[in-house]
Each structure stands twice: as C-alpha cells, then as structure tokens.
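Going down the list, the protein sequences come from chains A and B. So the first sequence is numbered by our numbering: it starts at 16 and just counts up by one. So the second sequence is numbered by our numbering: it starts at 16 and just counts up by one. We put the CB at the ideal spot given by N, CA and C, even for glycine.
There are 2 protein chains.
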Amino acid sequence: MAEAKVKTPFYVGLVHGPVKDKAGSTVTTSVTNLDIHDISRTCRTFGASGYFLITPLKIQHELVNRILGHWETDKGSLYNPDRSDALAATELVDTIDDATSKIQQKEGKRPLVVVTGAKLVGDGDEKQLAQRAILDQVPIFLLFGTGWGLLASTTDQADFRLGPITSCAADDYNHLSVRSAVAIYVDRLARSLCSP
Amino acid sequence: MAEAKVKTPFYVGLVHGPVKDKAGSTVTTSVTNLDIHDISRTCRTFGASGYFLITPLKIQHELVNRILGHWETDKGSLYNPDRSDALAATELVDTIDDATSKIQQKEGKRPLVVVTGAKLVGDGDEKQLAQRAILDQVPIFLLFGTGWGLLASTTDQADFRLGPITSCAADDYNHLSVRSAVAIYVDRLARSLCSP
Numbered sequence: 016m017a018e019a020k021v022k023t024p025f026y027v028g029l030v031h032g033p034v035k036d037k038a039g040s041t042v043t044t045s046v047t048n049l050d051i052h053d054i055s056r057t058c059r060t061f062g063a064s065g066y067f068l069i070t071p072l073k074i075q076h077e078l079v080n081r082i083l084g085h086w087e088t089d090k091g092s093l094y095n096p097d098r099s100d101a102l103a104a105t106e107l108v109d110t111i112d113d114a115t116s117k118i119q120q121k122e123g124k125r126p127l128v129v130v131t132g133a134k135l136v137g138d139g140d141e142k143q144l145a146q147r148a149i150l151d152q153v154p155i156f157l158l159f160g161t162g163w164g165l166l167a168s169t170t171d172q173a174d175f176r177l178g179p180i181t182s183c184a185a186d187d188y189n190h191l192s193v194r195s196a197v198a199i200y201v202d203r204l205a206r207s208l209c210s211p
Numbered sequence: 016m017a018e019a020k021v022k023t024p025f026y027v028g029l030v031h032g033p034v035k036d037k038a039g040s041t042v043t044t045s046v047t048n049l050d051i052h053d054i055s056r057t058c059r060t061f062g063a064s065g066y067f068l069i070t071p072l073k074i075q076h077e078l079v080n081r082i083l084g085h086w087e088t089d090k091g092s093l094y095n096p097d098r099s100d101a102l103a104a105t106e107l108v109d110t111i112d113d114a115t116s117k118i119q120q121k122e123g124k125r126p127l128v129v130v131t132g133a134k135l136v137g138d139g140d141e142k143q144l145a146q147r148a149i150l151d152q153v154p155i156f157l158l159f160g161t162g163w164g165l166l167a168s169t170t171d172q173a174d175f176r177l178g179p180i181t182s183c184a185a186d187d188y189n190h191l192s193v194r195s196a197v198a199i200y201v202d203r204l205a206r207s208l209c210s211p
C-alpha cells in the first residue's frame, strides 16, 4: 500500500467478538459487507496503515475472505477499481491480540491500544491522543465494537479511552452506526495526524 | 421530534437523482436500506431537524415508505426502539426543490442550500458556513449526492459549496462512502452549530 502522509502510523480494528449485546451478555456479531467496504474506504482515504476485521468465528472467516478476495480477483472488481484498492490493507484476524501482534511485527513497536464507546469516560480527545502517539513515536490502534460495544475487560486494558461523540439532540439520542462513528473519529484524528 | 440544541436548524438531503454516474451521465441511483438507517441516526444524533431522501423514481418510493413504515409500526421495531426513533424525522421527496419548499414552510425562511463533493472547489469550511447561517438566522440544507456526485447544475445553483474532505493517503485516494462522508461533514458542522 502507498505510504501515508501521517505523522505516526494508525490502524483501525472492528471487533465483532467479544462485544456486548443489548442485554449486556458477551456475544459475537456478524461481519457485514458494508462494514468491510465503508470502513476500508474510510481507512484508505485517511491514510490508515491497516484495517483489521476481528472475529473468532471461523464460519465468518469464510464469508469475509470471499468478500476480500471477490473484490480483488473477481470480474466484479473490473467495474470499480477504486473499491478493489480500498480493500488492499484490510485483513481478518481472530482476536484483538492477534491484530496487536501483527502491528508490532510490522512497526517494530507495540501500538497504543485506543478504545471508543458511546458511554465511555474518556482519557482525552483525538488531539491529545495524537500528540501522545507522535511524541512517543508509537503507532495508534483504534478499536471499535459492534453490537452494543466493547467489553469492560477490553476497555479497561486499553492504553487510551477516547471521549465519546457528544449528542446534539435535546433528548441526547446517541446511536450512531459503527460505520459513521469510525468515519468521525478517524476524521478527527487525521486532523492532528495528517501532515499538510 | 425533540427540539435540538443547535444555534440554527439544519437539514440533510441525500440526492439519488439527478446525480452523475461513472461515465458522467445523469442517472438516478437506488435508495438503500443502510443509507436510510445510518444517515437517519447521524442526523438524529447531531440534532438535525430533518433528513430528506430525494428520488423521483416512484418505484423507489414504495420501498422507502415500506422501510420508514416498517421500523415504526412493525413488530420489528420492538427489538430496537432506538432505530424506530431514528427515522422519525426522515422523509421522502421527489426533488431537491420539494425538500427546500418543505423546509421553508416549516422554518418560515428559505434555507441556505449547501453542496458537497470530493472534487468541488469550496467557498469555505464548516465553521464559515455555520457562522454565516447563524448570523443571518437561516436554516442550513446540506446536500449529498450518491453515485458519482451531484450534477454541476445542482452545485452551481447552491448558496454555498463546502470544501472537500482531504485525503491523507500518499496517492490521494479519496472514495469515502456517502454514509461516511455525511457523518464527517455533520460532525464538523455540529462543532460550530451545537450549543454547549
């Protein structure tokens, strides 16, 4: 993949399991075509070094590999080469730790594991996160949870908790889709990470 | 819908037709379930007063009305009431002018029609747009095009052209999905529009 113009590398991970469901139980959600597609494009546009789809379900791995392979080798990719290129840095792993290890192998340093969530108490905002990572010259690994969000065990172990996206609705409605949330956080982060 | 905490009302419109296709021809694209769903949630979270799905195709109207009705009245809505509420301010119209008229009827003023596009030369950024609308106390109507974007005839007639989202990829890859683009622009706009 072409070298990005960022001051320190960043990666995005979409966690399908373990996450919480509506009742607070631990589940694994299904990977969707559009989560792969949309978030790959977001990552690609903002210079992410990689996008990890994280799911331990082997049956999902088959679907995802087909999608990742489909766009790249099928005649489907002939219609829209931009879509094929968007998936070039997207890969599939079983766990968050697998993704973190891969980043460490690639970058020579363990990344700052950063979590997000609508109800999370933040350690700071995107600018503070970027400043810290740039200063320490470490990569950022930005995790998002599907379903009803990441488990407390995941967020507690993280190096940095990003403040939630604040609602501007009078009733505080705050239910962005994960695709939209990723776009927003990555755009905000890129503001500090992207070299002019 | 609950009153928003914004300094001036804003609306979002997703134009399915007329837009450009890959070859530059004028087309109408299909409305997708996730465009309705994701963008409704984005609008709702950031205090938009309404979200217009714009398509002249009557056959699409049937699908869209079913989706808008489904979430609100079907037992499908029992599982996730948040989704139902997200669609409360989403409506379907034939043309951009229809939407603009509805806004004018509701707000008593014609809105500032604002366009976006990856290749558009901007009049300014979201902060400047917000300042102008707040000063003049007019609503904002933020238009997005599906397919390969809004027609030149649409963007030329607009009151304000928002600068494009800048790529941070070394090869300038810039192909965000419309769902992601809406989330980013609305988040940026809300920064100036949302009362603390």
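Inter-residue CB distance, residue i and residue j (contact presumed, cutoff 8 Å)
| i | j | result |
| --- | --- | --- |
| residue 83 (chain A) | residue 105 (chain A) | 6 Å |
| residue 183 (chain A) | residue 129 (chain B) | The Cβ separation is near 18 Å, so there is no contact. |
| residue 194 (chain A) | residue 194 (chain B) | 6 Å |
| residue 198 (chain B) | residue 198 (chain A) | 4 Å |
Chain-ordered neighbours of residue i on chain A, where CB pairs are closer than 7 Å
| i | result |
| --- | --- |
| residue 101 (chain B) | 190 |
| residue 49 (chain B) | 49 |
| residue 53 (chain B) | 192, 194, 195 |
| residue 205 (chain B) | 183 |
Residue i: contacting residues in chain A (beta-carbon distance under 9 Å)
| i | result |
| --- | --- |
| residue 21 (chain B) | 183 |
| residue 147 (chain B) | Within chain A, no residue comes near residue 147 (chain B); the closest Cβ sits about 19 Å away, beyond 9 Å. |
| residue 125 (chain B) | Simply none; closest approach about 23 Å. |
Chain B contact residues for residue i, given Cβ-Cβ distances below 8 Å
| i | result |
| --- | --- |
| residue 62 (chain A) | 182, 183, 184, 185 |
| residue 43 (chain A) | Chain B residues near residue 43 (chain A): none, gap ~18 Å exceeds 8 Å. |
C-beta contact flag for residue i and residue j at 8 Å
| i | j | result |
| --- | --- | --- |
| residue 131 (chain B) | residue 66 (chain B) | no |
| residue 158 (chain B) | residue 30 (chain B) | yes |
| residue 163 (chain B) | residue 46 (chain B) | no |
| residue 204 (chain B) | residue 133 (chain B) | no |
| residue 114 (chain B) | residue 69 (chain B) | yes |
| residue 155 (chain B) | residue 26 (chain B) | yes |
| residue 208 (chain B) | residue 23 (chain B) | yes |
| residue 72 (chain B) | residue 28 (chain B) | no |
| residue 76 (chain A) | residue 107 (chain A) | yes |
| residue 53 (chain A) | residue 192 (chain B) | yes |
| residue 41 (chain A) | residue 161 (chain A) | no |
| residue 153 (chain A) | residue 117 (chain A) | no |
| residue 126 (chain A) | residue 119 (chain A) | yes |
Cross-chain neighbours of residue i in chain B, by beta carbon under 7 Å
| i | result |
| --- | --- |
| residue 57 (chain A) | 191, 195 |
Against chain A: residues of the region 177-202 of chain B by CB proximity under 8 Å: In summary, the residues of the region 177-202 of chain B whose CB is separated from some CB of chain A by less than 8 Å are 180, 181, 182, 183, 184, 185, 186, 188, 189, 190, 191, 192, 194, 195, 196, 197, 198, 199, 202, in the order they occur in the chain.
Contact between the region 135-148 of chain A and the region 172-179 of chain A (3+ Cβ pairs under 8 Å): These segments touch.
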